[in-house]
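Residue numbers (my numbering): 1093 to 1487. Ideal Cβ placement from N, Cα and C applies to all residues, glycine included. Before any comments, here is the structure.
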């Protein structure tokens, strides 16, 4: 944490990067490192089960090594969101593994403190209230629902402020008197068996925590409205992108093509199923290197608000953009501001994430760079360049 008083944090490929004073540094999660060290220790302790006769015995008698004895390099530790902290230069971040999730605070000196952790749900999309006493966050449950929860920074208070069969994400505190939040919300559709069958378009909701009153501030049947925020003047900001959920028309040509390709896709699915077991229990694929290329995980992809973003493809398609920092989302992803009852105003295009700074400026990212719009809305400048930027936060 060598960067003095960082003014910007951005999340990229499960890591937090801090930018300020002309330099950039990467946050080293001490809690994440301790989990990794623990996984390494367990792996070394049980290494005999995956080598020599021990491996033969384990694979033959127990169908593979037990949990906790795998490669520590495959132990998933992901930083899922970042937000400003209680003081300038400080930040909060959320982290999750396959079994636990938590919120951590890092001060300007790099000292890390765990504020909250749980194994019951996943915590994401945090926001600290103006006096620094409470955190609003999205908590994601195992039934594909998410609610807005409020927890006390120093104390036992914890309660869910929203409920229902919906995805309530990205809460932000509303400046001014009272305790109000804005967040994005989408209804979850289910079939007769209770399985998820679709997701409605995200709209912008506001909740008054004191009265419990809920109000829809913006909605569009043709668009998702994402990551809403309000400034001190009451203007509403959000990302607007085309809604691609249910209700799409069936393309006859596409339906015919899917029918023709169905047998081949089924054969491929069966092959991949048995190939997985071959790799899992023998360490060898069903095909050799000469027999066919093996599908490897694409490290240049990321999931943003339910959309899979392919960085390489986006860079190829962004021919008119900056070759050093191509947009990872199309121009239809727009940063919008709505003042009062006026018409929405598009501030920027190809926007993947944004945040409002304390000085009234707006920072936003296209996935490859971070830009700043001055408080007067006139001058614009690029303030950072990165790779696969998922979220930005003004510190």
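Environment of residue i [buried if 16+ CB atoms lie within 10 Å]
i, result
"residue 1306", "exposed"
"residue 1111", "buried"
"residue 1426", "buried"
"residue 1203", "exposed"
"residue 1442", "buried"
"residue 1433", "exposed"
"residue 1463", "buried"
"residue 1260", "buried"
"residue 1384", "Legend: pLDDT at residue 1384 = 39, less than 50; position of this residue unreliable, value from coordinates given subsequently. Residue 1384 should be labelled exposed."
"residue 1109", "buried"
"residue 1099", "buried"
"residue 1314", "exposed"
"residue 1459", "buried"
"residue 1173", "buried"
"residue 1324", "exposed"
"residue 1386", "Unreliable positioning characterises residue 1386 in this predicted model, as indicated by a pLDDT of 40, which lies under 50. A coordinate reading is not provided."
"residue 1193", "buried"
"residue 1487", "buried"
"residue 1101", "buried"
"residue 1438", "exposed"
"residue 1294", "buried"
"residue 1150", "In this prediction, residue 1150 scores a pLDDT of 44, lower than 50, which makes its location untrustworthy; no coordinate-derived value is stated."
"residue 1340", "Because the pLDDT of residue 1340 is 42, which lies under 50, any placement of that residue in the model is unreliable, and the question is left without a value."
"residue 1252", "exposed"
"residue 1283", "exposed"
"residue 1483", "buried"
"residue 1131", "buried"
"residue 1414", "exposed"
"residue 1234", "exposed"
"residue 1320", "buried"
"residue 1236", "exposed"
"residue 1316", "buried"
"residue 1115", "exposed"
"residue 1276", "buried"
Whole-number beta carbon distance between residue j and residue i, since they are thought to touch under 8 Å
i, j, result
"residue 1195", "residue 1208", "5 Å"
"residue 1238", "residue 1227", "Not confirmed; about 16 Å, so no contact."
"residue 1467", "residue 1447", "In fact, because the Cβ distance is near 14 Å, the residues do not count as touching under 8 Å."
"residue 1329", "residue 1216", "Not a contact, Cβ separation roughly 20 Å."
"residue 1175", "residue 1220", "6 Å"
"residue 1274", "residue 1264", "5 Å"
Nearest candidate by alpha-carbon position, reference residue i, set the options
i, options, result
"residue 1304", "1254, 1318, 1314, 1433", "1254"
"residue 1120", "1470, 1237, 1423, 1185", "1185"
"residue 1296", "1311, 1287, 1302", "1311"
"residue 1278", "1308, 1267, 1268", "1308"
"residue 1247", "1099, 1285, 1206", "1206"
"residue 1269", "1223, 1282, 1235", "1223"
"residue 1168", "1334, 1225, 1129", "1129"
"residue 1470", "1454, 1477, 1461, 1459", "1454"
"residue 1417", "1445, 1136, 1439, 1476", "1476"
"residue 1067", "1431, 1286, 1218", "The displayed coordinates of the chain run from 1093 to 1487. Any statement about residue 1067 would go beyond what the structure contains."
"residue 1444", "1192, 1479, 1190", "1479"
"residue 1292", "1319, 1282, 1318, 1337", "1337"
"residue 1199", "1182, 1188, 1190, 1211", "1182"
"residue 1178", "1191, 1225, 1256, 1170", "1225"
"residue 1244", "1334, 1236, 1229, 1122", "1229"
"residue 1300", "1423, 1211, 1271", "1271"
"residue 1322", "1302, 1422, 1431", "1431"
"residue 1449", "1436, 1415, 1465", "1465"
"residue 1424", "1333, 1414, 1435", "1333"
"residue 1117", "1123, 1104, 1125, 1127", "1104"
"residue 1210", "1187, 1435, 1258", "1187"
"residue 1123", "1133, 1137, 1171", "1171"
"residue 1419", "1189, 1266, 1461, 1191", "1461"
"residue 1286", "1257, 1276, 1481, 1456", "1257"
"residue 1266", "1326, 1318, 1134, 1302", "1326"
"residue 1456", "1331, 1125, 1317, 1190", "1331"
"residue 1495", "1276, 1250, 1180, 1440", "Residue 1495 lies beyond the range of the chain shown here (1093 to 1487); nothing can be said about it."
"residue 1302", "1472, 1115, 1242", "1242"
"residue 1106", "1134, 1201, 1189, 1335", "1189"
beta-carbon residue i near the ligand FMN non-hydrogen atom, thresh 7 Å
i, result
"residue 1299", "The model on display carries no ligand, and the ligand FMN is accordingly not part of it."
Point to revise | Those runs of the beta strand (DSSP E) which lie wholly inside the stretch 1299–1345 and span at least 3 residues | key: You should have 1306–1310, 1315–1322, 1328–1334.
**Study point:** Start-end ranges of the beta strand (DSSP E) lying completely within the stretch 1428–1453, minimum 3 residues
**Key:** DSSP runs (the beta strand (DSSP E)) wholly in the stretch 1428–1453: 1437–1441, 1445–1448.
Point to revise | Those runs of the beta strand (DSSP E) which lie wholly inside the stretch 1242–1277 and span at least 3 residues | key: The stretch 1242–1277 contains these whole beta strand (DSSP E) runs: 1250–1252, 1258–1265.
Check your understanding: Which runs of the beta strand (DSSP E) fall wholly inside the stretch 1198–1231 and span at least 3 residues, in chain order?
Key -> Fully contained in the stretch 1198–1231 are the following beta strand (DSSP E) runs of length 3 or more, in chain order: 1204–1210, 1214–1220.
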